[in-house]
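Structure first, then comments.
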Amino acid sequence: MQDSLHLYFDGLSHPLRLTGCADLTDDFPTLFPYRDYREGEHDDDPVISIQLEAGKYHLSTSWLDNTVSYTDKVDVLCDLIAKLAVARSFTDLEALYLHAAAVEMNGRAVVFPSQYRAGKSFLTACLLAKGHRYVGDDIVPLALDSCKVRSPGVSPRLRLPLPDTTDETSRQFIERHTAMLGKRYAYLELEPELMIDRSELLDIGAFVLLEREEGVQARLEELPVATVFQQLIKQNFAREVDGARILS
C-alpha cells in the first residue's frame, strides 16, 4: 500500500490526502504563498484525495461521486485549487465565494465576475504589470456582513497560449513571473508587494463585466445594476449559505 500525506488547510476540518504524489507539495509554496496548510495525522475521511497511478493523477472529493483523472501535473493542481475553494465555501458561511478575479485600484477592489473565456485572468495579469496589486484570479470571497472583498491568498493562473496582441510590458511581466508551466495553464509567482495579504478586506470600487468580440474597439459602458447583480448570483460557489442572506 502506498504511503499517504495528509495536509490540513485553514478552515477545513478534514484534510487533503496525497497518495503516491507527495511531491506535488514541491509546488505548494508557489500556489499558496501564505502557507495556509500543515501536515497532520491520518484521516479516513479526507475532503479531497489525489492518487497517482500509472502516470495519472486521480482526484476525488467527499461531495462528488466521480473521479477526474489528469496526466498534466499543472492541470490537477488547478483542479485542486478550485475544489479547495468549493470545500471552504461549504463551511465558511460568513462569505460568498464569487467566481471572479479582482485587483486593487486606489485602495479599492475592482472585481471582474466570471464570464466564459472573457479574459479576466489575462486582464488581471496585464493590470499587475501596470502596478496594480493582486487580490484574486478565479475565486474571490465576499464577506457577507461587511460586503467587502477578501483576498483568498492563491497565486494567479493564466490560460495558455497568451493572445498574439499581448503588449510587450505585459508579456515581459508574465514571462518574468511564470513559476509553473503546463500544457494549458501557467501560474505566476508574485513579489509580496504585488499581493494583498491573505484574508485582508477591501471595499469594492466597481464590478466590471468583460465581453470579448473580434474586431471591436475597447470601450467602457455603464450597465444596469440588475445585470451585474444577476451575474454575481449566477457565478458563485455557495451551496450552504442561506439564499435570503445572499440576496440581502
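So the sequence shown is residues 764 to 1011, counted in my numbering. Ideal Cβ positions, reconstructed from N, Cα and C, are used throughout, including at glycine.
Under 8 Å, do residue i and residue j count as touching if we go by C-beta distance?
i: Ala-949; j: Leu-921; result: yes
i: Asp-908; j: Glu-857; result: yes
i: Tyr-897; j: Ile-959; result: yes
i: Ala-888; j: Phe-875; result: no
i: Tyr-800; j: Tyr-771; result: yes
i: Glu-804; j: Gly-783; result: no
i: Arg-961; j: Gly-916; result: yes
i: Leu-768; j: Leu-781; result: yes
i: Gln-998; j: Leu-822; result: no
i: Asp-919; j: Ser-877; result: Here residue 919 is Pro; the residue named in the question, Asp, does not match the sequence. Result no, Cβ atoms of Pro-919 and Ser-877 do not sit closer than 8 Å.
i: Leu-886; j: Leu-957; result: no
i: Pro-809; j: Leu-843; result: no
Between which two residues does the alpha helix (DSSP H) containing residue i stretch?
i: His-777; result: That residue, His-777, is in no alpha helix (DSSP H); it is neither H nor E in DSSP.
i: Thr-932; result: 931–940
i: Val-979; result: Careful: Val-979 lies outside any alpha helix (DSSP H) and carries neither H nor E.
i: Phe-791; result: 791–794
Under three-state DSSP, which class holds residue i?
i: Ser-812; result: strand
i: Ile-1009; result: helix
i: Thr-782; result: strand
i: Leu-768; result: strand
Where do the ends of the beta strand (DSSP E) carrying residue i lie?
i: Arg-851; result: Premise fails: Arg-851 lies in the alpha helix (DSSP H), 836–854, not in any beta strand (DSSP E).
i: Val-866; result: 858–868
i: Thr-824; result: 819–824
i: Tyr-800; result: 800–802
With which residues is residue i paired in a DSSP beta bridge?
i: Asn-999; result: Leu-861
i: Tyr-833; result: Tyr-820
i: Ala-949; result: Leu-921, Leu-944
i: Arg-871; result: Met-868
i: Ala-989; result: Bridge partners of Ala-989: none, in fact.
*Can you list the alpha helix (DSSP H) stretches of 4 or more residues lying completely in the region 875–905, in chain order?*
883–892
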